[in-house]
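To start, the structure under review is shown below, and the notes come after it.
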Amino acid sequence: MKILVTGAAGFIASHVANAYVQAGHEAVVIDDLSRGAKRNVNFKCRFHECDIRDREAMERIFRAEKPEIVNHHAAQMDVRRGVREPLFDAQVNILGSLNVIEAAVAHGAKRFIYAATAGAGYGEPKRMPVPEDYPINPITPYGISKHTVEHYLFTFQFLYGLEYVVLRYGNVYGPGQSSQGEAGVFAIFSEQMLAGVQPVIYGDGSKVRDYVYISDVVAANLIALERGSNEIFNIGSGVETTDLEVFQRVRDLLGKTVEPMYVARRPGEIDKICLDISKAARLLGWKPQVSLTEGARRTVGYFQQTAAAVAAGN
Ligand SMILES: NC(=O)c1ccc[n+]([C@@H]2O[C@H](COP(=O)([O-])OP(=O)(O)OC[C@H]3O[C@@H](n4cnc5c(N)ncnc54)[C@H](O)[C@@H]3O)[C@@H](O)[C@H]2O)c1
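In our numbering, the protein residues as written are 626 to 939.
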């Protein structure tokens, strides 16, 4: 199949595009390199460097490529930037996505896979684990903009028959992740400890997140090529993990003794989230395979290797 993947110079979608290529599909990539890097784009993918806000470019690329499936990961994904610049956040995440969806419909794509957020969508849930039908109450512009696209997909399916699969991710972590994203703490703690900087924890370390390892997210994107039509799925681990636990795991894996510096919580950060992932198990046959222990080992190992390579001047 021919699949157009947006945002595939970035963390998650570069792994997804690699998996599509490995599975024998033809993958085409769009990314503006605002955050991603060209070296992350699989050399077997045709690469279009452009901004999803550029309507004419979307039209041109989709007319030339005519993908059967669109996998949309490109986004402004810095929650804090969204708080500072809500208009920019909406321009990329809502209007940019709408350009991609409209071009997909206009040029005959059959299916649209959308990387949504669970961590920033449900707001501060009153009960956990949180199922997909829990009320959406985002407390940040990023949560609003990411969720709005789900409504367009529902409506475009109704109007034009574009099948969609929405994957609402928990906090995705793994090799190549950025320290800016929703699951940044693995990267932040690793990079800071390796640089000899005392890591900062916002709050008292008790904030709870649902971490899902990158290869499990990739597996969900592979399954979504064929299953889960017109459905929304939480893609997480269903396991509650505190900031302090991540800190301790990273510290133990690096063999450090440093203590965290605790500072005030930042606005826009929820207290606790953990996802009910039973719908994905039931309808997609998807379950996370990588434990936090194994995922942390692989992720911290990656940052160790990266730091060693930098130190060696490679
Ligand atoms: N990382 C997480 O934990 C997490 C959780 C929930 C949802 N998501 C979603 O998954 C997707 C990928 O996240 P990621 O962590 O890989 O982030 P990332 O920043 O590594 O990847 C996003 C990519 O989109 C590109 N991009 C940004 N603006 C663009 C634009 N206007 N035009 C074209 N390309 C543009 C960036 O250059 C980058 O390569 C995002 O949609 C994000 O909202 C991520």
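Beta carbons are placed, not taken as given, at the ideal position from N, Cα and C, and that holds for glycine.
In the structure shown, what three-state DSSP assignment does residue i receive?
{"i": "residue 737", "result": "strand"}
{"i": "residue 663", "result": "helix"}
{"i": "residue 724", "result": "helix"}
{"i": "residue 684", "result": "helix"}
{"i": "residue 656", "result": "strand"}
{"i": "residue 640", "result": "helix"}
{"i": "residue 939", "result": "coil"}
{"i": "residue 581", "result": "The requested residue 581 is not part of the displayed model; the chain covers only 626 to 939."}
{"i": "residue 690", "result": "helix"}
{"i": "residue 710", "result": "coil"}
{"i": "residue 915", "result": "coil"}
{"i": "residue 628", "result": "strand"}
Hey, would you say the C-beta of residue i is under 8 Å away from at least one heavy atom of ligand 1?
{"i": "residue 832", "result": "no"}
{"i": "residue 675", "result": "yes"}
{"i": "residue 841", "result": "no"}
{"i": "residue 784", "result": "no"}
{"i": "residue 685", "result": "no"}
{"i": "residue 909", "result": "no"}
{"i": "residue 761", "result": "no"}
{"i": "residue 700", "result": "yes"}
{"i": "residue 811", "result": "no"}
{"i": "residue 657", "result": "yes"}
{"i": "residue 802", "result": "yes"}
{"i": "residue 849", "result": "no"}
{"i": "residue 796", "result": "yes"}
{"i": "residue 889", "result": "no"}
> Hey, which unbroken runs of the beta strand (DSSP E) at 3 residues or more fall wholly within the region 817-905?
Replying inline: 825-827, 836-838, 856-860 and 886-888
> In the region 743-825, which residue ranges form an unbroken alpha helix (DSSP H) of at least 4 residues, counting only runs that do not cross its ends?
Replying inline: Restricted to the region 743-825, the alpha helix (DSSP H) segments that are unbroken, complete and at least 4 residues in length are 766-785 and 810-819, listed in chain order.
> Does the region 768-786 come within contact of the region 816-829, defined as at least 3 CB pairs closer than 8 Å?
Replying inline: By the C-beta criterion, the region 768-786 is judged not to be in contact with the region 816-829, since fewer than 3 inter-stretch pairs fall below 8 Å.
> Touching or not, the region 659-678 and the region 704-715, by the rule of three or more beta carbon pairs under 8 Å?
Replying inline: no
> Okay, do the region 784-793 and the region 759-768 touch, 3+ Cβ pairs below 8 Å being the bar?
Replying inline: no
>> Taking 8 Å as the cut-off, does the region 852-867 touch the region 733-744 (at least 3 CB pairs, one atom from each stretch)?
In response: yes
>> Could you check whether the region 883-894 touches the region 840-854, counting it as contact only if at least three pairs of C-beta atoms, one from each stretch, sit closer than 8 Å?
In response: no
> Between the region 796-803 and the region 749-762, do at least 3 Cβ pairs fall closer than 8 Å?
Replying inline: no
> With contact counted as at least three CB pairs below 8 Å, one residue from each stretch, are the region 725-733 and the region 690-708 in contact?
Replying inline: yes
> Any contact of the region 912-927 with the region 862-880, i.e. 3+ C-beta pairs under 8 Å?
Replying inline: Touching, yes, given that three or more Cβ pairs across the two stretches are closer than 8 Å.
> Given 8 Å as the limit, is there contact between the region 671-686 and the region 640-660, that is, 3 or more CB pairs closer than that?
Replying inline: yes
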